[in-house]
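These notes are about the structure you will find just below.
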Amino acid sequence: MEDIYIALNEIRQDIPWRSLFLGVSVLFVGQVILRFFDWILQLFLEQLKEQQKVYNFRKFTIYLYNIILFIFFLKIIKVDMKVILGAAGFMTLAIGFAARTPISNLISGMFLVSERPFVVGDVIEVNDYRGEVISLNLMSLTMRTLDNLMVRIPNEMVIGVAVRNISYFPIRRLSLTYMISNRESLTRLEEIFMETATRNELALDEPEPYFSVTEFRENSIEVNFLVWAPADDFFKFQSEFPKEIHRGVKQAGLEHVRSEIEINSSHRYKKNNDNS
Amino acid sequence: MNRQDAEELKIFQQTLSPLDGEIYHLRFGPLDLYIEKSENEISVRSMTSNDWMDSSFHYHYPFEGMCPQNLLEEKRFAFSDKSPTLKILPCLGELPFVVKPDTKFMILPGEKARIFLSTPMSLRIYDVDKNQVIDEIPVLHRVKTWFGQSPTAGQLCFFTKIHAALVEERLPFRPHRALTHLFIENSSLEPIPVHKLKIPVNYLKLYQDERGLFVTSSLSVKSDRQGELKDLKIFPPDNAGKLSLIQEPREQVPRRLFKSVTELMR
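From first to last, the protein sequence lines stand for chains U and P.
Last residue of the first sequence: 647 (my numbering), numbering continuous.
Last residue of the second sequence: 919 (my numbering), numbering continuous.
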């Protein structure tokens, strides 16, 4: 028991209390200064439009400042830097293995921030996820899916796959495919499409709507109608416009016109029945 | 309403202090607007259509009839005990307007044309005491269009048809539309066809002249020898000193204005 007491006493005497106290004080004051300058910086930077870049700049500056502060702390408590530098080679190897994924994410994040394929607020599709970008930081992309789920995707994955930015351009095109029987009037169907597009408030007159025949079959003709709408209202338009077409077709008495959705679902129905 | 009766439009300069139970009714082109004051609140009801030719204008204060309950849009605004002083003023659109002349016309080589065109306005309801906009209501349903060379380069704008008169009196009078003077100088050797024009109303000021008519800042554009339009300028309308300023521009004019309103004419 006495030996332990003597050993602890020796350790206590060996610890450079003065330097340690000074180092901790420097760390504390350093953090206070950091918070103050961060607050000042935020006041200036919050006016800027590109908040994502501001966020990343702030993060980078804070990390760098903390590293410098920590090195300063080690110097104050008289830790031999040669020993640390000597171990650096081995540490690099160890960290390299352990932090391979985070470093890959970090580098991918830098590319994404500089390339800017999307910004916060854009609606994008990555892998099987579609949603609004909530944040893009140096490690990951955070999205809110359309059914209100939060998805975090590591930057490493985002950089390696195709990203569809749905709200990149201010306008979008809706493509509708229909089948019309040979017995029905193709001209009348075209008129219905064009009239519906003229009446619909979201359908743009420019770029002009476009009606085309895409395939002649034995008993039917496949037609395609392309119409543009503002990207902001596109989901509403996508839902409303086919309904208006459907109403127009019914009112005109065209009975043998089927939309792509109907065709696909009837194929599915037939296939299911065949399987059963 | 005729141009000669435009004096009536000066009613917009007046303030409004409705008492509990009082209704203010305004018919401004296709827009029907009812403002009803009740205890600690103001309700704004409005209904409009696509009829850009509608030239109606009348107002009733206090309105003696019943305020229609089935109007499309209704908004309620809460106030403290003090009854607010309101002002209803027209304002220009928040996006540029693409205007399409109902008949195509050309500007001959070496000629300078002064085109009188008009764009639909909105109505702003101000709380005069707090100098605050309470609500903004478009006078008619505005249709959007794309103005640009391709679906990737251009701008979403509102769309309206115009008469593009070369003499002001030939322009059919619509009280809810603001008049813009556009000067186009064709310095090229070929006639310039005017199919569509983009009027950057978001950069323009709105004035009311002595006759009561609403006019915007004027625009001028010049073509070079190759027919490329250059040098777009925004400047005060004639007799600007005698005009009452109704609205400052919504947006500051960018340094490179022409770039921001490229393809003024297509």
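Positions of the beta carbon are idealized from the N, C-alpha and C atoms, including for glycine.
These numbers come from a predicted model, not from an experiment.
By the 10 Å Cβ neighbour count, where 16 or more other Cβ atoms means buried, how is residue 860 (chain P) classified, buried or exposed? buried
Got a sec, what are the start and stop residues for the beta strand (DSSP E) residue 658 (chain P) sits in? Counting along the chain, residue 658 (chain P) falls outside any beta strand (DSSP E), and DSSP gives it neither H nor E.
Burial state of residue 380 (chain U) (16 or more Cβ within 10 Å): Flag for residue 380 (chain U) reads exposed.
Please name the residue, chosen from P:692, P:866 and P:904, that lies closest to residue 854 (chain P) on a Cα-to-Cα basis. P:904
Do the region 432-451 of chain U and the region 383-401 of chain U make contact, defined as three or more Cβ pairs closer than 8 Å? yes
DSSP on residue 535 (chain U), reduced to helix/strand/coil? The answer is strand: DSSP assigns residue 535 (chain U) an E or B state.
Can you check DSSP and say which residues form a bridge with residue 780 (chain P)? Looking at the DSSP output, residue 780 (chain P) sits in a beta bridge with P:739 and P:785.
Between which two residues does the alpha helix (DSSP H) harbouring residue 733 (chain P) extend? Here residue 733 (chain P) belongs to no alpha helix (DSSP H), and DSSP marks it neither H nor E.
Nearest to residue 736 (chain P) by alpha carbon, out of P:848, P:673 and P:784? P:673
Counting only C-beta atoms, is residue 796 (chain P) closer than 7 Å to chain U at any point? Yes - at least one Cβ of chain U is within 7 Å of the one on residue 796 (chain P).
Taking all protein chains shown into account, decide if residue 760 (chain P) is buried (16 or more other Cβ within 10 angstroms of its Cβ) or exposed. buried
By the 9 Å beta-carbon criterion, what residues does the region 809-840 of chain P contribute toward chain U? 809 and 812
Beta carbon proximity, residue 577 (chain U) to chain P, threshold 7 Å: yes
Can you grab the Cα-Cα spacing for the pair residue 454 (chain U) / residue 398 (chain U), in whole Å? 22 Å
Between the beta-carbon of residue 681 (chain P) and the beta-carbon of residue 794 (chain P), is there less than 7 Å? Taking 7 Å as the Cβ cut-off, residue 681 (chain P) and residue 794 (chain P) do not qualify as a contacting pair.
Since residue 476 (chain U) contacts residue 555 (chain U) with CB under 8 Å, what's their CB separation in whole angstroms? That pair is no contact at about 56 Å.
Do you know whose CA, among P:876, P:878 and P:867, lies nearest residue 897 (chain P)'s CA? P:867
Between the beta-carbon of residue 771 (chain P) and the beta-carbon of residue 791 (chain P), is there less than 7 Å? The Cβ-Cβ distance between residue 771 (chain P) and residue 791 (chain P) does not fall below 7 Å.
On the CB-based measure, 16 or more other CB atoms within 10 Å of its CB, does residue 678 (chain P) come out buried or exposed? buried
Would you call the region 559-573 of chain U and the region 615-626 of chain U in contact, with 3 or more CB pairs under 8 Å? Yes: at least three Cβ pairs fall under 8 Å.
Closest by CA to residue 799 (chain P), which one among P:749, P:754 and P:713? P:749
Would residue 812 (chain P) pass as a contact of residue 786 (chain P) if the rule is Cβ separation under 7 Å? no
Of the residues that make up the region 516-546 of chain U, which ones have a beta carbon closer than 8 Å to any beta carbon in chain P? 540, 541, 542 and 544
Beta-ladder partner(s) of residue 716 (chain P), from DSSP: Residue 716 (chain P) is not bridged to any residue.
Among P:654, P:683, P:810 and P:779, the one whose alpha carbon lies nearest that of residue 573 (chain U): Distance from the Cα of residue 573 (chain U) is smallest, within the candidate group P:654, P:683, P:810 and P:779, for P:810.
Exposure of residue 872 (chain P), with buried meaning 16 or more beta-carbon neighbours within 10 Å: Buried is the label assigned to residue 872 (chain P), since at least 16 other Cβ atoms lie within 10 Å of its Cβ.
For residue 697 (chain P) and residue 685 (chain P), the rounded distance between their alpha carbons: 11 Å
Given this structure, state the Cα-to-Cα distance separating residue 836 (chain P) from residue 542 (chain U), to the nearest angstrom. 31 Å
Relative to chain P, which residues along the region 556-588 of chain U have a C-beta separation below 7 Å, given in chain order? For the region 556-588 of chain U, the set of residues with a beta-carbon nearer than 7 Å to any beta-carbon of chain P comprises 572, 575, 576, 577 and 578, in chain order.
Where do the ends of the beta strand (DSSP E) carrying residue 542 (chain U) lie? For residue 542 (chain U), the enclosing beta strand (DSSP E) has its first and last residue at 542-552.
Every unbroken alpha helix (DSSP H) inside the region 562-640 of chain U [4 residues or more]: 605-622
Say whether the region 577-588 of chain U touches the region 518-532 of chain U, bearing in mind that this needs 3 or more beta-carbon pairs closer than 8 Å, one atom from each stretch. no
Can you find a CB in chain U that lies within less than 7 Å of the CB of residue 670 (chain P)? no
8 Å contact criterion, which residue 669 (chain P) and residue 865 (chain P) should meet: CB distance rounded: Their Cβ separation, rounded to whole angstroms, is 18 Å, which puts residue 669 (chain P) and residue 865 (chain P) out of contact at 8 Å.
Can you give the Cα-Cα distance for residue 722 (chain P) and residue 699 (chain P), rounded to whole angstroms? 10 Å
Where does the unbroken alpha helix (DSSP H) through residue 409 (chain U) begin, and where does it stop? 388-416
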